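Here the sequence shown is numbered in full-length UniProt numbering, starting from 1 and rising by one per residue. Backbone N, C-alpha and C define an ideal beta-carbon position, used for all residues, glycine too. Just so it is clear, the structure is predicted and the values come from calculations on it, not from any experiment.
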Amino acid sequence: MEPNNQQDNPTGTPLCGKAWTAYVGCLLAAVILVFLLRLAFNYSEAAAAGVLAAGTLLIGYRVLMLRSVQLYYDDVGVWLYSGILPWSKGVRGVKWRDMDEAVYVQSFGSWLLRSWTIRVGHRFTKASEITLTSMARGREAVAVINQHHQRLIGEDRLA
1 MEPNNQQDNP TGTPLCGKAW TAYVGCLLAA VILVFLLRLA FNYSEAAAAG
51 VLAAGTLLIG YRVLMLRSVQ LYYDDVGVWL YSGILPWSKG VRGVKWRDMD
101 EAVYVQSFGS WLLRSWTIRV GHRFTKASEI TLTSMARGRE AVAVINQHHQ
151 RLIGEDRLA
């Protein structure tokens, strides 16, 4: 499902993006890259250059992908924008009329790290749900989504 506006960038009210914990994998990959780079230098400088180039591209791509994830809402529904390459950019979401509820997973780790797993449910199918891990301000985003949804229900604007 896509919102009425078919633009590349979200135009609604932003709710949250990825937390710092989502970048831990990139940091570990960088540490492994340094280790592989040292091994490649023992073999040849050309191999080291190849490892450096490939590693930089892969880690850079992953960081940009994480930065592109944005949850937002507008008059039509709740939407997830993500992607950096033209064929992977896109918006998917849940319309207000089809939304069940928004929830976040409570755990000691999410409280301590301020990194939440959130789910915006679809009333009719699980395939259209939005489930995101490692979201900054995820708890607040869920509260805003549910408040807005309840307000729309109270105003009887969900047709």
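Every alpha helix (DSSP H) of 4 residues or more that sits fully in the segment 47-124 is shown, in chain order, as 108-113. Excluding residues up to 5 positions away in sequence, D98 lie with their Cβ nearer than 7 Å to the Cβ of F124 in the same chain. The secondary-structure analysis by DSSP pairs K126 with nothing; it has no beta-bridge partner.
Contact between the segment 57-69 and the segment 25-34 is established, with three or more Cβ pairs separated by less than 8 Å. When secondary structure is reduced to three states using DSSP, T11 falls in the coil class, being assigned neither helix nor strand. V76 is the residue among V76, V69, S128, A49 whose C-alpha sits nearest the C-alpha of G12.
Put simply, the backbone Cα of L80 is about 9 Å away from that of L132.
Separation of the CB atoms of G121 and E101 is rounded to 5 Å, and the pair is thereby assigned contact status at 8 Å. W96 and R151 have their alpha carbons spaced roughly 11 Å apart. Note: T131 is bridge-paired with R119 in the DSSP secondary-structure output. Relative to the Cα of Q106, the nearest Cα in the group H148, S68, V142 belongs to V142. For the pair Y72 and H148, the CB atoms are not nearer than the 9 Å cut-off. The residue among V34, Y23, V94 with its C-alpha nearest the C-alpha of S68 is Y23. Membership of E140 in the alpha helix (DSSP H) is indicated by the continuous run 138-154.
I153 and V78 do not touch by the CB rule: their CB atoms are close to 14 Å apart, not below 8 Å.
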